[in-house]
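One structure is given below, encoded as structure tokens.
Below, the structure is given as structure tokens:
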């Protein structure tokens with residue numbers, strides 16, 4: 001299956017991201033993880049803790065991509081409405097899941113924590129979902145259809161992502177070659193555009209930085225075909241050298 | 001106009017964000033800025049450097065919110081297609097804008113930089129747009145209809161955002177009150193849910209952290225009405241104290 005294209009979207013759920021109170025710390029992690037395992041992240045959305053917005057985004061994204069990862073909104077407080085919104089989006093019932101109840105009861109008993117109704121909300125899982133292990137704080141994520149529901153707290157999200165990845169289909173890995181120039185990107189834009197036309201199947205992007213007062217540009221080439229990528233990089237190097245740019 | 005609700009979305013444009021190569025550094029900045037000036041950020045999307053994806057997102061978001069901010073894709077290289085995609089989305093012509101051409105020519109002349117066709121692509125501006133000043137590297141952003149097109153490089157994005165904000169309508173400022181507890185959020189979830197029912201017009205969120213091995217929870221209350229917010233905060237403090245949680 002390594003020639004397959006497997007796509008994904010991420011839906012970040014949380015008022016705190018939209019208000020600017022909290023910077024998202026999950027998108028870049030999931031993006032890099034997807035690239036590493038052979039899943040192409042195609043879109044990200046962020047919506048607030050509002051059922052209608054979550055339902056609409058879940059349905060738009062799960063239909064369009066192989067997988068949809070969500071982060072946030074699966075804790076014990078009243079603003080944690082992700083599990084219920086996912087159930088609504090997918091038209092399945094939701095209730096306390098016996099497997100999740102058992103996990104939470106055992107964890108709470110060991111720690112002497114009271115199993116309040118609010119805490120037991122974290123055992124609400126849409127019917128038909130597989131649980132995703134949370135080795136940090138036990139309350140599970142879940143996988144239902146092609147939707148993967150992860151915590152918003154980065155440490156917990158990351159262990160859940162590791163757990164679920166073994167269950168996912170992955171495709172050809174996107175490989176990257178980078179050429180760094182200490183030049184503004186305007187100096188190489190014409191050569192780079194010509195090179196893109198010559199290698200239409202290699203995705204090419206140019207990224208300027210102005211770090212420490214020094215202008216530099218990274219030319220990034222991406223393809224799943226390592227031989228093609230090497231050829232494209234070599235020829236770009238040659239073209240840049242011929243113009244004295246490298 | 002201070003009672004008005006003014007909404008916004010952000011569209012981040014760039015393959016490098018989706019591949020995980022580059023973490024976005026603009027969304028949180030724009031989100032906090034919007035909150036500060038009285039604009040409510042309601043949605044964020046990230047799409048790649050693909051015309052169809054940009055056009056679709058621009059049209060979905062500009063119709064739904066008061067303003068749409070975009071970041072990225074306005075540089076000199078072939079993968080910078082934002083200005084053309086915006087023109088296409090809004091069905092207006094695009095060409096080299098005489099105002100932008102003049103700015104770039106003057107800047108390039110001062111610095112002894114050649115005005116290559118690639119560099120002059122940065123003067124392509126959809127017809128009818130107002131320019132947004134770029135005091136860092138001159139190539140302007142623009143405002144057309146309710147769409148605000150900003151650079152992706154954070155330093156440049158930030159000066160453009162400052163420049164354009166004076167031209168935007170803003171509404172009532174969202175105020176925030178925070179109560180921090182050194183307790184897991186499960187301990188306060190029931191009280192907090194009851195409190196939310198008592199103050200349905202105050203948005204309430206609970207944010208757990210596990211920093212430095214210490215569990216803490218921030219209870220955040222948000223409203224545009226300072227008196228209501230103060231009352232909600234005081235009564236929540238009282239309720240937490242009565243249960244020995246504060």
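Chains as they are written, first to last, in the UniProt record's numbering: chain A, 1 to 246; chain B, 1 to 246. Note that CB positions come from ideal geometry on N, CA and C, so glycine has one too. Bear in mind the structure is a predicted one, so any value in this text is a computation, not a measurement.
What does the alpha-carbon distance come out to for the pair residue i and residue j?
i, j, result
"residue 177 of chain B", "residue 20 of chain A", "14 Å"
"residue 2 of chain B", "residue 213 of chain A", "Because residue 2 of chain B carries a pLDDT of 48, less than 50, the predicted location of this residue cannot be relied on, and the following value inherits that uncertainty. C-alpha separation (whole angstroms): 42 Å."
"residue 179 of chain B", "residue 243 of chain B", "15 Å"
"residue 105 of chain B", "residue 202 of chain A", "33 Å"
"residue 26 of chain A", "residue 219 of chain B", "21 Å"
"residue 14 of chain B", "residue 116 of chain A", "45 Å"
"residue 34 of chain A", "residue 131 of chain B", "38 Å"
"residue 79 of chain B", "residue 174 of chain A", "18 Å"
"residue 162 of chain A", "residue 119 of chain B", "44 Å"
"residue 247 of chain B", "residue 123 of chain B", "With chain B covering only 1 through 246, there is no way to say anything about residue 247 of chain B."
"residue 154 of chain B", "residue 12 of chain A", "22 Å"
"residue 94 of chain A", "residue 126 of chain A", "4 Å"
"residue 41 of chain B", "residue 44 of chain A", "16 Å"
"residue 200 of chain B", "residue 189 of chain B", "16 Å"
"residue 138 of chain B", "residue 96 of chain A", "58 Å"
"residue 211 of chain B", "residue 217 of chain B", "11 Å"
"residue 145 of chain A", "residue 10 of chain B", "29 Å"
"residue 55 of chain B", "residue 89 of chain B", "5 Å"
"residue 69 of chain A", "residue 149 of chain A", "6 Å"
"residue 268 of chain A", "residue 170 of chain A", "Outside the displayed range of chain A (1 to 246) lies residue 268 of chain A, so it cannot be described from this structure."
"residue 39 of chain A", "residue 164 of chain A", "13 Å"
"residue 16 of chain B", "residue 103 of chain A", "39 Å"
"residue 111 of chain A", "residue 238 of chain B", "28 Å"
"residue 109 of chain B", "residue 205 of chain A", "27 Å"
"residue 215 of chain A", "residue 160 of chain B", "20 Å"
How far does the alpha helix (DSSP H) with residue i in it reach, from first residue to last?
i, result
"residue 226 of chain A", "226-242"
"residue 161 of chain B", "154-165"
"residue 98 of chain B", "98-111"
"residue 82 of chain A", "82-90"
"residue 27 of chain B", "27-37"
"residue 17 of chain A", "15-18"
"residue 118 of chain B", "117-120"
If contacts are defined as beta-carbon pairs under 8 Å, then residue i and residue j qualify, I think. What distance do you get, rounded to the angstrom?
i, j, result
"residue 245 of chain B", "residue 183 of chain B", "6 Å"
"residue 31 of chain A", "residue 240 of chain B", "With a Cβ gap of about 39 Å, residue 31 of chain A and residue 240 of chain B do not count as contacting."
"residue 195 of chain A", "residue 143 of chain A", "Their Cβ separation, rounded to whole angstroms, is 41 Å, which puts residue 195 of chain A and residue 143 of chain A out of contact at 8 Å."
"residue 66 of chain A", "residue 6 of chain A", "5 Å"
"residue 185 of chain B", "residue 82 of chain A", "With 8 Å as the limit, residue 185 of chain B and residue 82 of chain A do not qualify as a contact, their Cβ atoms being about 15 Å apart."
"residue 128 of chain A", "residue 74 of chain A", "With a Cβ gap of about 17 Å, residue 128 of chain A and residue 74 of chain A do not count as contacting."
"residue 51 of chain B", "residue 85 of chain B", "5 Å"
Given that residue i touches chain A, what residues does it touch there, using C-beta distances under 9 Å?
i, result
"residue 112 of chain B", "Ordered by position in chain A, no residue passes the 9 Å Cβ test against residue 112 of chain B, which lies about 12 Å from the chain."
"residue 229 of chain B", "Going along chain A, no residue has its Cβ under 9 Å from residue 229 of chain B, so there is no contact; the nearest lies around 14 Å."
"residue 116 of chain B", "186, 187, 189 and 190"
Going along chain B in order, which residues have a C-beta closer than 7 Å to the C-beta of residue i?
i, result
"residue 65 of chain A", "Result: empty, since nearest Cβ-Cβ is about 12 Å, beyond 7 Å."
"residue 54 of chain A", "Ordered by position in chain B, no residue passes the 7 Å Cβ test against residue 54 of chain A, which lies about 11 Å from the chain."
"residue 135 of chain A", "Within chain B, no residue comes near residue 135 of chain A; the closest Cβ sits about 14 Å away, beyond 7 Å."
What residue range is occupied by the uninterrupted beta strand (DSSP E) comprising residue i?
i, result
"residue 58 of chain B", "That residue, residue 58 of chain B, is in no beta strand (DSSP E); its alpha helix (DSSP H) goes 51-64."
"residue 45 of chain A", "40-47"
"residue 204 of chain B", "203-209"
"residue 212 of chain A", "Neither: residue 212 of chain A is in no beta strand (DSSP E) and is coded neither H nor E."
"residue 126 of chain A", "124-126"
"residue 194 of chain B", "Where residue 194 of chain B is concerned, there is no enclosing beta strand (DSSP E), although the alpha helix (DSSP H) it sits in stretches over 189-198."
"residue 130 of chain B", "130-132"
"residue 74 of chain B", "No beta strand (DSSP E) holds residue 74 of chain B; DSSP gives it neither H nor E."
"residue 179 of chain A", "175-181"
"residue 148 of chain B", "147-150"
"residue 143 of chain B", "141-144"
Whose Cβ in chain B lies nearer than 9 Å to the Cβ of residue i?
i, result
"residue 59 of chain A", "What residue 59 of chain A touches in chain B: nothing, since even the nearest Cβ is about 14 Å away."
Does any heavy atom of the ligand GTP sit closer than 7 Å to the C-beta of residue i?
i, result
"residue 201 of chain A", "With respect to the ligand GTP, the structure offers nothing, as it holds no ligand at all."
Mind listing the chain A neighbours of residue i? Cutoff is C-beta to C-beta under 7 Å, in chain order.
i, result
"residue 47 of chain B", "43"
"residue 35 of chain B", "19 and 20"
"residue 23 of chain B", "28"
"residue 32 of chain B", "20"
Along chain B, in chain order, which residues have C-beta atoms closer than 8 Å to that of residue i?
i, result
"residue 16 of chain A", "205, 207 and 220"
List the residues of chain A that residue i touches, going by C-beta distances under 8 Å, in chain order.
i, result
"residue 119 of chain B", "186 and 189"
"residue 172 of chain B", "Going along chain A, no residue has its Cβ under 8 Å from residue 172 of chain B, so there is no contact; the nearest lies around 14 Å."
Using a Cβ-Cβ cutoff of 9 Å, what residues of the stretch 92-105 of chain A are near chain B? List them in chain order. none
Selection of the stretch 137-170 of chain A by Cβ proximity to chain B, strictly under 8 Å: 153 and 155
So if I threshold CB-CB distances at 9 Å, which residues from the stretch 75-89 of chain A count as touching chain B? In summary, the residues of the stretch 75-89 of chain A whose CB is separated from some CB of chain B by less than 9 Å are 75, 76, 77, 78, 79 and 80, in the order they occur in the chain.
Between the stretch 210-225 of chain B and chain A, which residues of the former have a C-beta closer than 8 Å to a C-beta of the latter? 210, 220 and 222
Give, in chain order, every residue of the stretch 177-197 of chain B whose Cβ lies closer than 7 Å to some Cβ of chain A. 185, 186, 189, 190, 192, 193 and 196
What are the residues of the stretch 230-245 of chain B that lie near chain A, defined by any Cβ-Cβ distance shorter than 7 Å? none
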